[in-house]
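Below is one structure, written out as structure tokens; the observations come after it.
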């Protein structure tokens with residue numbers, strides 16, 4: 148609906164619109180009817196004249212000639228007659244003359260309005276009068292057959308002049324008839340044209356009226372209906388552009404007003420919803436107190452459409468500093484330092500003591516607010532109407548939620564209720580935030596502690612290695628008699644020092660490994676390694692320990708275990724750890740068995756013992772660092788609780804698993820499973836050469852038979 | 465006689481290494497830090513260098529890199545001794561041009577083997 152049409156359509160109501168429509172329809176109808184009537188009248192006039200005057204005139208003219216011809220033959224017969232027969236001819240003549248007179252009178256009457264026809268008829272009458280002047284004397288005298296021939300010639304000549312005049316008259320009337328017909332024809336075609344034009348005009352007017360009706364009436368009504376159905380469907384943003392006749396425009400305005408009200412209600416509901424979302428969800432999501440309060444005051448301010456909202460925090464029961472504030476655009480921040488004078492604080496404390504709010508509708512007329520320090524303070528913060536709610540959590544006053552308006556405001560009961568709910572939820576959220584902050588700080592401290600512990604562990608381990616180098620190095624030189632001969636007694640003592648130095652070294656390596664694991668720096672470098680060789684090496688290392696303790700050592704494995712992708716030193720370490728454990732926890736006379744099998748998919752290394760076993764409820768924790776089984780600590784079996792953590796970690800870095808089966812007093816079985824792809828064997832030789840140098844560097848420490856190996 | 469230069473700030477370890485090498489028939493020049501090593505090398509007659517990787521001041525890795533920088537020492541065997549056994553530490557040492565990298569605690573016998581290995585490698 149464009150503006151031009153709108154302005155056009157806006158000039159009147161439906162009534163005036165309908166009136167204009169009717170007028171236009173009548174004009175169209177009158178136009179076509181009038182032209183039709185005019186045409187019909189024209190044609191019927193012409194036909195009328197032909198039928199009612201020209202045709203009878205022609206007939207009368209012909210009849211006159213015939214009557215006179217009859218009269219002439221009667222008078223001539225009378226003149227030739229004799230006796231009684233003459234009287235009859237005379238009577239016929241007289242009747243003929245009377246007929247003529249009647250016919251002439253009728254013809255003159257018919258030609259009354261037609262001067263040409265009348266004068267032609269009068270000419271006929273004049274000739275007829277001449278003929279009568281000849282015939283009449285003959286009728287008045289007795290028959291004279293002798294004179295008959297002469298008289299007949301006179302009569303005939305008189306009759307022929309009548310004949311000529313009659314022919315003239317007939318010609319005149321014929322012309323008249325032809326003219327009337329032509330006239331009627333042209334009137335008919337004009338009438339046809341005019342009627343057609345009128346009909347077209349009528350159709351055009353009807354079309355214009357229809358289009359105008361659509362534009363000015365139907366479209367506005369349609370948009371009205373559309374808006375109503377949108378409103379009905381719950382879309383309160385539906386509006387119409389008032390247009391068309393005054394009544395439809397009025398309906399549009401009314402509909403818009405209704406929609407506005409509906410929308411207002413909806414906004415109000417949305418406000419409440421937003422606020423309840425805020426208090427139940429958004430606010431709780433904020434774990435930072437400043438963010439939380441900032442979000443909360445803004446949400447409350449927008450929801451209640453007020454000038455200013457802020458939160459004052461309580462310190463030592465004195466609600467004071469403004470922690471977060473929001474205000475309508477165009478106002479200034481109050482800043483955190485506007486303190487409440489004692490009078491105001493007391494007023495608020497008393498009003499909010501039982502958790503209720505202090506509600507002020509108009510500070511200037513409120514009887515409670517007459518003390519000078521109160522009025523000064525309120526005018527300073529531009530307070531006219533206000534709701535002040537305490538923020539309480541778990542019985543502790545955390546602060547207050549303050550809502551201000553610069554003009555008087557009647558607070559509805561549900562509004563105050565809602566503000567109080569917001570205050571309560573804010574309290575809960577603040578408590579959460581405080582707890583969370585405390586917890587987060589604790590976690591950060593613990594993380595820092597953990598980090599520095601790992602660092603410490605690493606540093607200490609490195610620092611321990613240097614003195615250990617001297618201890619173990621000199622012991623070795625002494626044992627090898629580099630410094631001269633050693634007695635048997637001295638050698639025994641040196642062996643004890645050496646054994647403990649190795650043990651210390653194992654511990655240091657475990658600690659270092661653990662710190663690597665913890666900082667995520669633990670790596671294995673996989674290369675094809677000979678499984679049987681690893682087992683042999685480890686057995687050589689553990690064999691003296693097992694023997695000294697009076698245990699039997701069994702091994703069961705196929706010679707062709709082949710190559711697997713593994714970190715040789717780490718896999719040795721894992722196996723050695725398990726064997727050392729088995730030896731440590733198996734009483735004298737027991738047995739330790741190493742089983743190795745391999746199939747298409749995996750290598751399986753099992754270490755079984757007949758030791759003290761592990762309490763079933765402790766199996767889960769067994770690989771936790773520093774965890775030691777209760778029966779181990781009870782029996783004062785030495786250990787750090789690091790071994791299995793390291794073994795599991797090594798195995799898992801090989802993509803494998805560590806299984807533990809144990810029965811108290813019967814024994815324990817540890818099973819290492821690592822993926823073994825037969826294809827690695829063919830790659831083996833090529834890769835071995837390449838990594839030789841690094842492998843050698845790394846195993847400088849390992850081939851000394853390290854590990855937690857208590858002897 | 466084969467001459468070996470040893471630099472380690474820890475006196476006990478330095479003396480341990482010196483004693484083991486001398487007992488094995490090597491002539492040893494010892495330093496307590498890395499500062500004078502390059503000058504001593506330029507003095508001539510050194511067949512192998514043992515450096516503690518992390519001495520105060522000029523550490524062994526830095527000295528090793530400086531030695532390698534000098535073309536006349538391109539094939540001189542240099543062994544790093546270190547208490548740091550992380551793979552990255554070894555990488556750094558080898559990248560600085562060390563012939564070998566021995567992790568503390570080491571056995572004197574084991575170190576002797578590595579020294580002999582390095583000397584044989586240089587002689588070949």
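Chains as they are written, first to last, in my numbering: chain V, 148 to 858; chain G, 465 to 588. Cβ coordinates follow ideal geometry from the N, Cα and C atoms, glycine included. As the structure is a prediction and not an experimental result, all values here were calculated from the model.
By the neighbour-count criterion, in which 16 or more other beta carbons inside 10 Å mark a residue as buried, residue 746 of chain V falls on the exposed side.
Among the residues of the stretch 625-644 of chain V, those with a Cβ less than 9 Å away from any Cβ of chain G are 627, 629, 630, in the order of the chain.
Straight-line measurement puts the Cα of residue 550 of chain G at about 17 Å from the Cα of residue 800 of chain V. Within the stretch 509-593 of chain V, the complete alpha helix (DSSP H) segments at least 4 residues long are 519-527, listed from N- to C-terminus.
DSSP, read as helix, strand or coil, puts residue 515 of chain G in strand. By the C-beta criterion, the stretch 201-216 of chain V is judged not to be in contact with the stretch 364-379 of chain V, since fewer than 3 inter-stretch pairs fall below 8 Å. Approximately 48 Å separates the beta-carbon atoms of residue 363 of chain V and residue 193 of chain V; this is outside 8 Å, ruling out the contact. Against chain V, the beta carbon of residue 548 of chain G has neighbours under 8 Å at 609, listed in chain order.
Residue burial annotation: residue 502 of chain V is exposed, with fewer than 16 other C-beta atoms found within 10 angstroms of its C-beta. Among the residues facing chain V, residue 573 of chain G is included, as its CB has a counterpart in that chain under 8 Å away.
In this structure, the straight-line span from the alpha carbon of residue 743 of chain V to that of residue 567 of chain G is close to 32 Å.
For residue 801 of chain V, the three-state secondary structure derived from DSSP is coil. Using beta-carbon distances, residue 486 of chain G does not count as an interface residue toward chain V, since no partner is under 8 Å.
Looking at the DSSP output, residue 324 of chain V shares a beta bridge with no other residue.
Using beta-carbon distances, residue 620 of chain V counts as an interface residue toward chain G, with a partner under 8 Å. If you draw a 10 Å sphere on the C-beta of residue 715 of chain V, you find 16 or more other C-beta atoms in it, and that means buried.
For residue 715 of chain V, there are no neighbours in chain G by C-beta distance under 7 Å, as the nearest C-beta there is about 14 Å away. Between residue 513 of chain G and residue 531 of chain G, the CB-CB gap stays under 8 Å.
Interface with chain V (8 Å Cβ-Cβ cutoff): residue 543 of chain G is excluded. Membership of residue 749 of chain V in any alpha helix (DSSP H) is not indicated; the residue belongs instead to the beta strand (DSSP E) covering 749-756. Look at residue 477 of chain G: its C-beta is under 8 Å from a C-beta on chain V. Taking the Cα positions, residue 455 of chain V is about 16 Å away from residue 563 of chain V. Looking only at V/406, V/460, V/637, V/471, the smallest Cα-Cα distance to residue 448 of chain V is reached by V/471. If you ignore the 5 residues before and after residue 265 of chain V, its C-beta comes within less than 6 Å of the C-beta of 258, all in its own chain and listed in chain order. For residue 640 of chain V, the uninterrupted alpha helix (DSSP H) run begins and ends at 635-665, by DSSP. Going by DSSP, residue 182 of chain V is part of the alpha helix (DSSP H) stretching over 161-196.
Boundaries of the beta strand (DSSP E) harbouring residue 701 of chain V: 699-704, taken from the DSSP string.
Secondary structure within the stretch 255-334 of chain V: the alpha helix (DSSP H) runs of 4 or more consecutive residues, fully enclosed, are 262-287 (chain order).
Any Cβ of chain V closer than 8 Å to the Cβ of residue 520 of chain G would place that residue at the interface, and such an atom is absent. Secondary structure note for residue 370 of chain V: its alpha helix (DSSP H) is the uninterrupted segment 366-379. Distance from residue 538 of chain V to residue 546 of chain V at the Cβ level is roughly 5 Å; contact confirmed, criterion being Cβ atoms closer than 8 Å. Sequence-distant Cβ neighbours of residue 526 of chain V in its own chain, meaning closer than 7 Å and more than five residues away, do not exist here. Annotation: residue 791 of chain V has no Cβ neighbours in chain G at a cutoff of 7 Å; minimum Cβ distance is about 22 Å. The alpha-carbon of residue 377 of chain V is positioned some 6 Å away from that of residue 385 of chain V. When Cβ-Cβ separations below 8 Å define contact, residue 569 of chain G makes contact with chain V. For residue 565 of chain G, the enclosing beta strand (DSSP E) covers residues 564-567.
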